[in-house]
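Using numbering that gives the first Met the number 0, the letters of the sequence shown map in sequence onto residues 0 to 685. Every residue gets a Cβ at the ideal spot worked out from N, C-alpha and C, and that includes glycine.
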Amino acid sequence: MKTNQKPNRLIAEKSPYLLQHAYNPVNWYPWGEEAFAKAKKENKPIFLSIGYSTCHWCHVMAHESFEDEEVAAILNEKYISIKVDREERPDIDSIYMRVCQMLTGHGGWPLSVFLTPEGKPFYAGTYFPKHSRYGRPGFIDVLTQLYDKYKENPSEITRVAEQITKELEQSAHASGTERLSLESIEKAYRQLSNSFDAVYGGFGGAPKFPIPHMLMFLMRYYQWKRDERALMMVEKTLNGMANGGIYDHIGYGFVRYSTDAMWLVPHFEKMLYDNALLVIAYTEAYQLTKNERYKEIAEQIIEFVKREMTSDDGAFYSAIDADSEGVEGKYYVWTPDEVMNVLGTELGELYCDVYDITEEGNFEGKNVPNLIHTRMDRIARRYRLTEEELCEKLKEARQKLFAERSLRVYPHVDDKILTAWNALMIAALAKAAKVYERRDYLQMAKQALSFIQTNLFQDGRLMVRYRDGEAKHLGIIDDYAYLIWAYIEMYEATLELSYLQKAKTCTEQMIDLFWDKEYGAFFMTGSDAEALIVREKEIYDGALPSGNSVAAVQLIRLAKLTGDFALLEKAETMYKVFQRQVETYESGHTFFLQGLSLLEAQTVEVVLFGKQGDEKREYLIQQWQHTFAPDVFLLAAEHPADVADIAPFAAEYEPLGEETTVYVCENFACQQPTTDVESVAEQLFE
Numbered sequence: 000m001k002t003n004q005k006p007n008r009l010i011a012e013k014s015p016y017l018l019q020h021a022y023n024p025v026n027w028y029p030w031g032e033e034a035f036a037k038a039k040k041e042n043k044p045i046f047l048s049i050g051y052s053t054c055h056w057c058h059v060m061a062h063e064s065f066e067d068e069e070v071a072a073i074l075n076e077k078y079i080s081i082k083v084d085r086e087e088r089p090d091i092d093s094i095y096m097r098v099c100q101m102l103t104g105h106g107g108w109p110l111s112v113f114l115t116p117e118g119k120p121f122y123a124g125t126y127f128p129k130h131s132r133y134g135r136p137g138f139i140d141v142l143t144q145l146y147d148k149y150k151e152n153p154s155e156i157t158r159v160a161e162q163i164t165k166e167l168e169q170s171a172h173a174s175g176t177e178r179l180s181l182e183s184i185e186k187a188y189r190q191l192s193n194s195f196d197a198v199y200g201g202f203g204g205a206p207k208f209p210i211p212h213m214l215m216f217l218m219r220y221y222q223w224k225r226d227e228r229a230l231m232m233v234e235k236t237l238n239g240m241a242n243g244g245i246y247d248h249i250g251y252g253f254v255r256y257s258t259d260a261m262w263l264v265p266h267f268e269k270m271l272y273d274n275a276l277l278v279i280a281y282t283e284a285y286q287l288t289k290n291e292r293y294k295e296i297a298e299q300i301i302e303f304v305k306r307e308m309t310s311d312d313g314a315f316y317s318a319i320d321a322d323s324e325g326v327e328g329k330y331y332v333w334t335p336d337e338v339m340n341v342l343g344t345e346l347g348e349l350y351c352d353v354y355d356i357t358e359e360g361n362f363e364g365k366n367v368p369n370l371i372h373t374r375m376d377r378i379a380r381r382y383r384l385t386e387e388e389l390c391e392k393l394k395e396a397r398q399k400l401f402a403e404r405s406l407r408v409y410p411h412v413d414d415k416i417l418t419a420w421n422a423l424m425i426a427a428l429a430k431a432a433k434v435y436e437r438r439d440y441l442q443m444a445k446q447a448l449s450f451i452q453t454n455l456f457q458d459g460r461l462m463v464r465y466r467d468g469e470a471k472h473l474g475i476i477d478d479y480a481y482l483i484w485a486y487i488e489m490y491e492a493t494l495e496l497s498y499l500q501k502a503k504t505c506t507e508q509m510i511d512l513f514w515d516k517e518y519g520a521f522f523m524t525g526s527d528a529e530a531l532i533v534r535e536k537e538i539y540d541g542a543l544p545s546g547n548s549v550a551a552v553q554l555i556r557l558a559k560l561t562g563d564f565a566l567l568e569k570a571e572t573m574y575k576v577f578q579r580q581v582e583t584y585e586s587g588h589t590f591f592l593q594g595l596s597l598l599e600a601q602t603v604e605v606v607l608f609g610k611q612g613d614e615k616r617e618y619l620i621q622q623w624q625h626t627f628a629p630d631v632f633l634l635a636a637e638h639p640a641d642v643a644d645i646a647p648f649a650a651e652y653e654p655l656g657e658e659t660t661v662y663v664c665e666n667f668a669c670q671q672p673t674t675d676v677e678s679v680a681e682q683l684f685e
């Protein structure tokens, strides 16, 4: 927002978030040597503000404080102020978010941290109102008091900063004493079971987040243990979310979270990563249950991403803001009169009845469409319709409301292209393409992958983000791990060995850049990256699975597909390094534990030789692609020579004459080859 005629240094940046602050009266600096040199020269503390462009409370603090001349005068006189986009610099965000959690017991954005000129933190918080309220200290008071302490008692500030930095370093080098065991998987399951909301699905109370990797963990637990409660928790949660206001019933796609326990009132921001992970969760649930609703939701999410989050080049945008015209949710909510004006009385009344649109409203006097208490069979009877006729009428209503809504002022879109999030969306599209036999999804995935390969590598080094013609910031572990995930999913969708080769090459680069040669596991930043106050390792699976979790799972998958035992050994090491962190709260590491289940369970490696198009070959592939079988790894080629480079162990296997031949192996111990493909499919997938 332009509140100052003269821009500050952020005007030269590409980040949408930094550009939002380019005309603040605050003399912002981007993170870099200039800001730290000035702080040292003038002996001023640093105020570090971290956020992202679609963050509601970031907007609030910006409006109250950063656009305010009084606050700006204090910051400009007493501090060097640095702005960071957390989505561009997750490495910086991770360190200082950990500081905030250490000092306050909680975290969030905007993240407000006070540093010495050397970058060492001595105080942290999140949102501060300009003046004290909500039980929070006022920002002006905080700025004044901290500056006075910095000047009057510098030795105490230094002592605190050194102590915090030392604690960060100790946690970065923490290592376990023995490898995690099956008990960690059982504990994670019990924790999820105990926190499960039996009424609405999901875990815990309000606010309630979709955490799809928890559902992915539960599906694997069910497939392994056949515990019906695990599958029930998955289905109850997927159904609850799909019925709730957290799902956009008019334009599709999921928002970030609901502010209540019943998934009704959303925080309206839409993130690429949530929607990608939810495509995977709904698709895997469809594989398990064959519930058509899950397929429908996954396909609708992809339709939304294609329509509203895809660039002309086929890459995917990061996020869509919750606010439009400065009001949260304004683009998405309805009154009965607005619905009637679009649909007419008869169809309008039906729509309001089905989607809970009332005069009282469910969100600040207006309505978020939802199906939480709707029984379609009862409504069909009440309106003397068949359920098919009801669905047709609702489809017509949705299309008309969507067209009308499109005339409203659209929320801000953060259009930067993030490597890790794009790779996750590619993985989701590849999985959906495989399960639903959708070549158009595969084409979307290929186009986005081509964009990454063309625009996000510089001299062979993967970068974090692309925007406005510029790739910037050295890729972190997440970028490499998620891209490997995408390559493996693309292989499984196409069975083109080139994707496995790319996964292997990328894995070698990842190990070279990020592996801790002393203790094991992956650092967040590469050996070639800027030195921050600590070189972190992240394992906690939050809204997104951590880079180490994704890396561990993909190392195991790649090892099972290629026979590269060195990769398995690396993964084994990781399940020792992070033992202590995981055992403090197992269900906070559910993606990481998916990999442990692959190490502990009996996995099956299937080697398939046969000509493309051969009926038997295609039958086995189709059975595998349509079945939820994360413990079955399929290596397919026409001839053994084709896999000699990527999977030398399989190159020694001989097909039986000209017929399609299958080798079934358990943990690389293989049965006799067979041409009886139907029996193999029955053995593995029924």
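Checklist line | Distance, Ala260 Cα to Thr103 Cα | finding: 25 Å
Margin query: Taking only three categories from DSSP, how would you classify Ile45?
Written below: strand
Margin query: So, with DSSP's three-state summary, where would you put Cys669?
Written below: In this structure, Cys669 counts as strand in the three-state DSSP scheme.
Note to self: So, does the stretch 239–254 touch the stretch 615–631, judging by three or more C-beta pairs under 8 Å?
What the structure shows: no
Next item on the list: Using DSSP bridges, identify the partner residues of Glu604.
Entry: Phe632, Cys664, per the DSSP bridge assignment.
Note to self: Give me, in chain order, the residues of the same chain whose beta-carbon lies closer than 7 Å to that of Asn454; leave out the 5 immediate sequence neighbours on both sides.
What the structure shows: Tyr465, Ala470
Next item on the list: Quick one: measure Cβ to Cβ for Val353 and Leu393, integer angstroms, because I've assumed they're closer than 8 Å.
Entry: Indeed they touch by this definition, with Cβ atoms about 6 Å apart.
Notebook entry, point to check: Alpha carbon to alpha carbon, what distance is there between Ile279 and Tyr285?
Noted result: 10 Å
Notebook entry, point to check: Between Ile79 and the rest of its own chain, which residues show a CB-CB distance below 6 Å, the 5 nearest in sequence each way excluded?
Noted result: Same-chain partners within the cutoff: Ala34, Lys37, Ala38, Lys43, Ile45.
Checklist line | Arg8 versus Lys269: straight-line alpha-carbon distance, rounded | finding: Cα to Cα, Arg8 sits roughly 29 Å from Lys269.
Item checked: Selected residue, minimal CA-CA separation from Ala492, among Gln442, Glu66, Tyr281 -> Gln442
Next item on the list: With DSSP as the reference, please indicate the residues paired to Ser111 in a beta bridge.
Entry: Ser48, Gly124
Notebook entry, point to check: Applying the criterion that 16 or more other CB atoms from any shown protein chain within 10 Å of the CB defines a buried residue, is Arg377 buried or exposed?
Noted result: exposed
Margin query: I need the straight-line Cα distance from Thr357 to Glu155, nearest angstrom please.
Written below: Roughly 58 Å separates the two Cα atoms.
Notebook entry, point to check: Do the stretch 436–451 and the stretch 505–515 make contact, defined as three or more Cβ pairs closer than 8 Å?
Noted result: no
Item checked: Bridge-paired residues (DSSP) for Val83 -> Ile49
Checklist line | Proximity below 9 Å, CB of Ile475 to CB of Ala314 | finding: no
Notebook entry, point to check: Do the stretch 311–327 and the stretch 289–301 make contact, defined as three or more Cβ pairs closer than 8 Å?
Noted result: no
Check: When the Cα atoms are used, what is the spatial distance from Leu191 to Leu554?
Finding: 26 Å
Margin query: Are the CB atoms of Val631 and Val606 within a distance shorter than 9 Å?
Written below: no
Notebook entry, point to check: At what residues does the beta strand (DSSP E) containing Pro29 begin and finish?
Noted result: 27–29
Next item on the list: Taking Arg464 as part of the beta strand (DSSP E), name the residues at either end of that continuous run.
Entry: 460–466
Next item on the list: Quick one: using the 10 Å Cβ neighbour count with 16 as the cut-off for buried, is Phe564 buried or exposed?
Entry: exposed
Next item on the list: Could you name the residues of the same chain whose beta carbon sits closer than 6 Å to that of Tyr188, not counting the 5 residues immediately before and after it, in chain order?
Entry: Tyr220
Margin query: Pairs of beta-carbons, one from the stretch 639–648 and one from the stretch 581–592, closer than 8 Å: are there three or more?
Written below: Because the criterion of three Cβ pairs below 8 Å is not met, the stretch 639–648 and the stretch 581–592 do not touch.
Notebook entry, point to check: What does a CB cutoff of less than 8 Å around Ile300 pick up in its chain, not counting 5 residues either side in sequence?
Noted result: Tyr251, Gly252, Phe253, Asn274, Leu277, Val278, Tyr281
Checklist line | the stretch 161–181 contacting the stretch 221–228, beta-carbon criterion three pairs below 8 Å | finding: no
Next item on the list: Could you check how far apart the C-beta atoms of Ala558 and Phe521 are, in whole angstroms? I think they sit under 8 Å.
Entry: About 16 Å separates the two Cβ atoms, so there is no contact after all.
Item checked: Under 9 Å between C-beta atoms of Tyr256 and His248 -> no
Next item on the list: Look at the alpha carbon of Gln398 and the alpha carbon of Ser405, and state the distance between them as a whole number of angstroms.
Entry: 11 Å
Item checked: Lys471 - containing beta strand (DSSP E), residue span -> Secondary structure note for Lys471: its beta strand (DSSP E) is the uninterrupted segment 469–473.
Item checked: Exposure of Cys57, with buried meaning 16 or more beta-carbon neighbours within 10 Å -> buried
Next item on the list: Measure the beta-carbon distance from Asn26 to Glu66 and round it to whole angstroms, keeping in mind my assumption that it falls under 8 Å.
Entry: Between Glu66 and Asn26 the Cβ distance is about 14 Å, and since that is not below 8 Å, they are no contact.
Next item on the list: State buried or exposed for Tyr133, treating a residue as buried only when at least 16 other CB atoms are found within 10 Å of its CB.
Entry: exposed
Checklist line | Whole runs of the beta strand (DSSP E) within the stretch 566–624, excluding any shorter than 3 residues | finding: Secondary structure remark: continuous beta strand (DSSP E) runs of at least 3 residues inside the stretch 566–624, in chain order: 603–608.
Item checked: According to DSSP, residues forming a beta bridge with Pro265 -> Ser257
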